[in-house]
Amino acid sequence: MSVWESGNTIVVVGAQWGDEGKGRVVDYLAARAGMVIRFQGGDNAGHTVVNDYGRFALHLTPCGIFYPHVRNLLGPGTVVNLDTVSEEQAQLQSAGVDTANYWIDVRAHLIWPYHRLLDGAEEDRRKREAGGGEAMGTTRRGIGPVYADKHSYNGIRAGDLLYPDLLRQRLDLLLPIKNRQLALYELEQFSAGGLMDLAAAWRARHGDRIVDTLPWVRDAVRDGERVVLEGQLGIGRDINWGIYPYTTASSPTSGGACVGAGIPPRAIDGVLGVVKAYSTSVGGGPFPTELHDDFGVKLQEIGREYGATTGRPRRCGWFDGVAIGYASWINGFTGIAVTKLDVLDHFEEIKLCTGYRLGERVLDYVPDTVTQGMVEPLYETWPGWQADTSGCRTWDELPKAARAYLRRIEELARAPIQFVSVGPERSQMVLV
Ligand code: GDP
């Protein structure tokens, strides 16, 4: 069934801990869409897109940017570092991409240099206090601090840039507090004048892109234009449902898509969960199916599992069927896209987790973070196919053992597989 058969408003979210390959899926869907909206998060993760223009890790720019006809929006739920937007646009433009059709909602919160500094300093403090071990694993992009400011009414929104007098008042009110926080970590202080200069530079570069996206989004949805809502990270990093506190500060779920883009739940026609054919997680927190043996190293090497933003090696493990069932419930998947099937081409046997043992009990859902750290995964073993799938373009061309493994994933996800990807290129996609 084509994704668009369920309707025109489709949410694309990560069904694991992030890095599932959402970027390439959105790039694929965008070809037939009119609008792509990033609805949460900032420049703390990269969506990799490989296409005729080259290979890109887009941190903030929506993945529909490669199609000039697509309106690319940074929605109200996002947090925006305008310097990153400038850098990304310069990279895209130098590769020949027309970046004119991007827009930032007036309600998106701005990431200021102090957010980044505070994020890094707080991460260092946690690391020190934790005895040098891995702390939260934040990417030091200021995401936690900017969302904290948003929720404590101390944020500055993109629209504020358009009203310099108001902005100055906000900064004058905020800076005494910010500077005290910075002093706690012995960090540099900021003056309102210095930040007003930065704001003026941002306004000159991006001011005409800052708009109220509400009427556009409302009319696009009402008129049946195809709209893709692009999630960042995955449910494992959701502020409510992820492995708190090793999470991000927003909700990369279909519910988050509604509030972050301004689309009512009833107007969402489809929710596509993107899931790797195995598991990876970057940063701290429990990870029940993590492999500490040669299989883990093999997944990391063949799958090139290194973070798009930080280059950090990703932790690797077998597919977690409990986690996909949980992701499907919270998000309400109407379909799934299974990526990186080709990485499993080289395995004789493949394991798949179908339950978590907790003492005498077996859990069929993902429990809270602390409990999750205590569970033991229960595995099924599936025969590998040991054949090159990277050239497969139809379901029937996939090896029989691969199809059986995928059908089991589908069962655990309680949602039909709509895509299988067998390589990073645009063409390496099997439509199911
Ligand atoms: P995202 O943040 O969810 O978009 O995912 P990332 O970009 O962080 O990570 C996905 C990585 O896997 C990127 O390097 C992609 O180029 C790559 N990738 C995506 N799909 C496939 C696939 O089917 N096979 C292989 N081998 N690589 C893939």
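To convert, take the position in the sequence shown, counting from 1, and add 1148; that gives the working numbering.
Positions of the beta carbon are idealized from the N, C-alpha and C atoms, including for glycine.
Predicted, not measured: the structure shown is a model, and the values here were computed from it.
According to DSSP, is residue 1494 part of a helix, a strand, or is it coil? The three-state secondary structure of residue 1494, taken from DSSP, is helix.
Who pairs with residue 1221 in a beta bridge, going by DSSP? 1185 and 1251
Compute the Euclidean distance between the alpha carbons of residue 1189 and residue 1340, then round it to the nearest angstrom. 26 Å
C-beta atoms of residue 1550 and residue 1531 nearer than 7 Å: no
Could you spell out where the alpha helix (DSSP H) holding residue 1277 opens and where it closes? 1261-1277
Cβ distance (whole Å) where residue 1481 is taken to contact residue 1390 below 8 Å: Residue 1390 and residue 1481 do not touch by the CB rule: their CB atoms are close to 17 Å apart, not below 8 Å.
Determine the burial state of residue 1566: buried for a count of at least 16 other Cβ atoms within 10 Å of its Cβ, exposed for fewer. buried
Taking the continuous alpha helix (DSSP H) assigned at residue 1235, which residues delimit it? 1230-1242
With contact counted as at least three CB pairs below 8 Å, one residue from each stretch, are the segment 1429-1441 and the segment 1199-1216 in contact? no
Supposed contact pair residue 1164 and residue 1445 - C-beta distance, whole angstroms, cut 8 Å: So it is not a contact: roughly 19 Å between Cβ atoms.
If we ignore side chains and look at the alpha-carbon of each, how far apart do residue 1475 and residue 1320 end up? Across the structure, residue 1475 and residue 1320 are spaced so that their CA atoms are roughly 43 Å apart.
How close, in whole Å, do the beta carbons of residue 1536 and residue 1493 come, if the pair is a contact with beta carbons under 8 Å? Contact annotation, residue 1536 with residue 1493: C-beta distance approximately 6 Å; criterion of less than 8 Å satisfied.
The segment 1302-1315 in contact with the segment 1252-1263 per 3-pair CB rule at 8 Å: In this structure the segment 1302-1315 lies against the segment 1252-1263, because at least three pairs of beta carbons, one per stretch, are closer than 8 Å.
Could you tell me the boundaries of the beta strand (DSSP E) in which residue 1485 lies? 1483-1487
Residue 1488 and residue 1466: beta carbons closer than 7 Å? No, the pair does not count as a contact, with Cβ atoms beyond the cut-off.
Tell me whether residue 1206 sits in a helix, a strand or coil according to DSSP, three-state version. strand
Can you tell me the Cβ-Cβ gap for residue 1400 and residue 1380, rounded? I've got them flagged as a contact below 8 Å. 6 Å
Less than 7 Å between the beta carbons of residue 1267 and residue 1293, yes or no? Yes, the Cβ-Cβ distance between residue 1267 and residue 1293 is below 7 Å.
With burial defined as no fewer than 16 other Cβ atoms inside 10 Å of the residue's Cβ, what is the status of residue 1372: buried or exposed? The residue in question, residue 1372, is exposed, as its Cβ has fewer than 16 Cβ neighbours within 10 Å.
CB of residue 1157 within 7 Å of CB of residue 1417, strictly: Yes, they are a contact pair.
Just the Cα atoms here: how many angstroms apart are residue 1161 and residue 1220? Distance between the alpha carbons of residue 1161 and residue 1220: 17 Å.
The segment 1183-1199 touching the segment 1322-1332, judged by at least three CB pairs closer than 8 Å: no
Taking 6 Å as the cut-off, is the beta-carbon of residue 1130 closer than that to any non-hydrogen atom of the ligand GDP? Nothing can be reported for residue 1130, as the shown portion of the chain is limited to 1149 through 1580.
Buried or exposed: residue 1337, going by 16 or more other Cβ atoms within 10 Å of its Cβ? exposed
Does the segment 1569-1576 come into contact with the segment 1538-1549, if we say contact requires no fewer than three beta-carbon pairs (one atom in each stretch) closer than 8 Å? By the C-beta criterion, the segment 1569-1576 is judged to be in contact with the segment 1538-1549, since at least 3 inter-stretch pairs fall below 8 Å.
3-residue-minimum beta strand (DSSP E) runs that sit fully inside the segment 1438-1469, ordered along the chain: 1463-1465
Can you find the residues in the same chain that come closer than 6 Å, C-beta to C-beta, to residue 1483, ignoring five residues on each side of it along the sequence? 1420, 1563, 1564 and 1566
Can you round the beta-carbon distance between residue 1240 and residue 1196 to whole angstroms, since I take them to be within the 8 Å contact cut? Incorrect: roughly 14 Å between the Cβ atoms, too far for contact.
From residue 1524 to residue 1506, what distance separates their C-alpha atoms? 7 Å
Cβ atoms of residue 1207 and residue 1232: under 7 Å apart, would you say? The Cβ-Cβ distance between residue 1232 and residue 1207 falls below 7 Å.
Do residue 1396 and residue 1385 have their C-beta atoms within less than 7 Å of each other? yes
Distance cut-off 6 Å: residue 1488 Cβ against heavy atoms of the ligand SAH: This structure does not include the ligand SAH; its bound ligands are the ligand GDP.
Is there at least one non-hydrogen atom of the ligand GDP closer than 6 Å to the beta-carbon of residue 1575? no
In angstroms, rounded to a whole number, what distance separates the CA positions of residue 1228 and residue 1332? 25 Å
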